[in-house]
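Right, one structure below, let's go through it.
Residue numbers (this note's numbering): 65 to 261.
Structure (structure tokens):
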């Protein structure tokens, strides 16, 4: 009989304790993701705030550096280009496009396709800013240069995150000439990758 009463009292106390406990609300600013997988194993865990504006920063970065052109033109590297730096024949064949069409193509076709290329080569976890920086880099410098940036020994896939911003800054030439626009773009991509935005 005493055991039943004791068990009943413990159950009542447990229910009351659960009712008193209020789960703290989680806001978007409180959500954190590890910058790198190994950070979660550090004695003092470090994490970046959830970077929900990464896509917005990526789109703005590309649009600002590519600039919009409604008609086909030759870029500094001598390639036929239209819109926000689109060089594929299916876009060039349009001959003209509006700014709205170009932004839609960038957001709905170019960025997702380029993100797939980044995911194909990168074998480590990335923060949203790191991924955005690599997508911008790949869109501008191409798949082969992305592969060199991340796959060579001692680089990103070897978990050497720190070397990537400085390596990005080496890709600033077109036709053998250093271009101020590329220097500025690489600097912004490097800062985005390092989370310094």
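From the three backbone atoms N, C-alpha and C, an ideal C-beta is built for every residue, glycine too.
How would you call residue i, buried or exposed, if buried means at least 16 neighbouring beta carbons within 10 angstroms?
| i | result |
| --- | --- |
| residue 214 | buried |
| residue 256 | buried |
| residue 163 | exposed |
| residue 9 | With the chain covering only 65 through 261, there is no way to say anything about residue 9. |
| residue 197 | buried |
| residue 108 | Note that residue 108 has pLDDT 36, beneath the 50 cutoff, so the model's placement of it is unreliable and no number is given. |
| residue 249 | buried |
Quick one: residues in its chain with C-beta nearer than 6 Å to the C-beta of residue i, no 5 flanking neighbours on either side, listed in chain order?
| i | result |
| --- | --- |
| residue 241 | none |
| residue 224 | 218 |
Please report the Cβ distance between residue i and residue j, rounded to the nearest whole angstrom; I am assuming they are in contact, meaning their Cβ atoms lie under 8 Å.
| i | j | result |
| --- | --- | --- |
| residue 231 | residue 238 | With 8 Å as the limit, residue 231 and residue 238 do not qualify as a contact, their Cβ atoms being about 18 Å apart. |
| residue 191 | residue 126 | The Cβ separation is near 19 Å, so there is no contact. |
| residue 233 | residue 251 | 7 Å |
Considering residue i, what are the terminal residues of the alpha helix (DSSP H) in which it resides?
| i | result |
| --- | --- |
| residue 125 | 118-130 |
| residue 189 | Here residue 189 belongs to no alpha helix (DSSP H), and DSSP marks it neither H nor E. |
| residue 248 | 244-257 |
| residue 214 | 207-215 |
| residue 155 | 153-156 |
| residue 143 | Taken as a continuous stretch (DSSP letters only), residue 143 belongs to no alpha helix (DSSP H), as it is neither H nor E. |
| residue 167 | 163-169 |
Starting from residue i and walking both ways along the beta strand (DSSP E), at which residues does that stretch end?
| i | result |
| --- | --- |
| residue 233 | Careful: residue 233 lies outside any beta strand (DSSP E) and carries neither H nor E. |
| residue 133 | 133-138 |
Measure the CB-CB distance between residue i and residue j and report whether it falls below 8 Å.
| i | j | result |
| --- | --- | --- |
| residue 159 | residue 133 | no |
| residue 148 | residue 170 | yes |
| residue 220 | residue 188 | yes |
| residue 167 | residue 156 | no |
| residue 235 | residue 211 | no |
| residue 193 | residue 115 | yes |
| residue 178 | residue 202 | yes |
| residue 150 | residue 175 | no |
Would you please verify whether the beta carbon of residue i is less than 8 Å from any beta carbon of chain C?
| i | result |
| --- | --- |
| residue 233 | Among the chains of the structure shown, chain C does not appear; only one protein chain is present. |
For residue i, which residues in the same chain have their Cβ closer than 7 Å to its Cβ, ignoring the five residues on either side in sequence?
| i | result |
| --- | --- |
| residue 229 | 254, 257 and 258 |
| residue 161 | 134, 146 and 147 |
Taking 8 Å as the limit between beta carbons, can you name the residues of its chain near residue i, skipping five residues before and five after?
| i | result |
| --- | --- |
| residue 243 | 140, 236 and 237 |
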